[in-house]
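Scroll down for the structure; my scribbles are underneath it.
Numbering (this note's numbering), first residue to last: -17 to 113.
Structure below.
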C-alpha cells in the first residue's frame, strides 16, 4: 500500500497530538498530563521532522551564502544561518539583509506551522570591521 505525503503528515500529526505523558519530579513520582501537541525532548521523530522542516529552510537561506572573493587571499564563507536542535541563529552583514532572511524564515515557519516564541527573539548588532 503506497502512502502519499498527506497520509504521512496526518500520521505524524496523530502521533504528536493529545497524548498523555509523564514527568518524573523531584519527589520521584511521575506526574501525568495531557500534551496538546508537539514533541517531547528526545522523541525519536525529532531527527525526521528536523530534516522535513529545517533542512529546506536552511537550504533556501544558504542559497544566498557567498564565498569571499579570491582576491582577498582568504578562504571563507559568509554564513547566514546556524541551527541546532530547536535553536536557530540568523546572521547578516546589514540590518536589511538580516530582515530579509528573517522575513523568509518567518514565512517558512508560518507555511509549515512552526510556532515561534517571539519573547526569545533577540537582535544583536556588531560594528562592521575592515578586513
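C-beta atoms are modelled at their ideal positions from N, C-alpha and C, and glycine is treated no differently.
Residue burial classification, residue 19 (beta-carbon count within 10 angstroms, cutoff 16): Within the chain shown, the letter at position 37 stands for residue 19. Per the 10 Å Cβ criterion, exposed.
Cross-strand partners of residue 6 (DSSP beta bridge): Within the chain shown, numbered from 1, the residue matching residue 6 stands at position 24. In the DSSP output, where bridge partners are listed per residue, residue 6 has 12.
If distances are taken between C-alpha atoms only, which option among 65, -5 and 26 comes closest to residue 95? Taking the first residue of the chain shown as position 1, residue 95 is located at position 113. When each option's Cα is compared against that of residue 95, the closest is -5.
Could you check whether residue 2 and residue 12 sit closer than 8 angstroms to each other, using their CB atoms as the reference points? Here the question's residue 12 lines up with position 30 in the chain shown. Here the question's residue 2 lines up with position 20 in the chain shown. Cβ atoms of residue 12 and residue 2: not closer than 8 angstroms.
Please return the same chain residues whose Cβ sits closer than 8 angstroms to the Cβ of residue 71, not counting the five positions on each side in sequence. Here residue 71 corresponds to residue number 89 of the chain shown, with the count starting at 1. Once the five neighbours on either side are set aside, the close Cβ partners of residue 71 are 63, 64 and 65.
In three-state DSSP terms, what is residue 65? Position 83 of the chain shown, counted from the first residue, corresponds to residue 65. It is a strand residue.
Is residue 70 helix, strand or coil by DSSP? If you number the chain shown from 1, residue 70 lands on position 88. Three-state DSSP puts residue 70 in a strand.
Please report the straight-line C-alpha distance between residue 81 and residue 93, rounded to a whole angstrom. Position 99 of the chain shown, counted from the first residue, corresponds to residue 81. Position 111 of the chain shown, counted from the first residue, corresponds to residue 93. Rounded to whole angstroms, residue 81 and residue 93 show a C-alpha spacing of 18 angstroms.
DSSP state of residue 0, grouped into three classes? On the chain shown, residue 0 is found 18 positions in, with the first residue counted as 1. Of the three classes helix, strand and coil, the one that applies to residue 0 here is strand, per DSSP.
For residue 103, the first and last residue of its enclosing alpha helix (DSSP H): What you label residue 103 is simply residue 121 of the chain shown in a count that begins at 1. Taken as a continuous stretch (DSSP letters only), residue 103 belongs to no alpha helix (DSSP H), as it is neither H nor E.
Quickly, what does DSSP pair residue 17 with across the bridge? List them, please. The sequence position of residue 17 within the chain shown is 35, counting from 1. Bridge partners of residue 17: 1.
Residue 22 - DSSP class collapsed to helix/strand/coil: Locating residue 22 in the chain shown gives position 40, where the first residue counts as 1. Shown here, residue 22 sits in coil according to DSSP, grouped into three states, outside any helix or strand.
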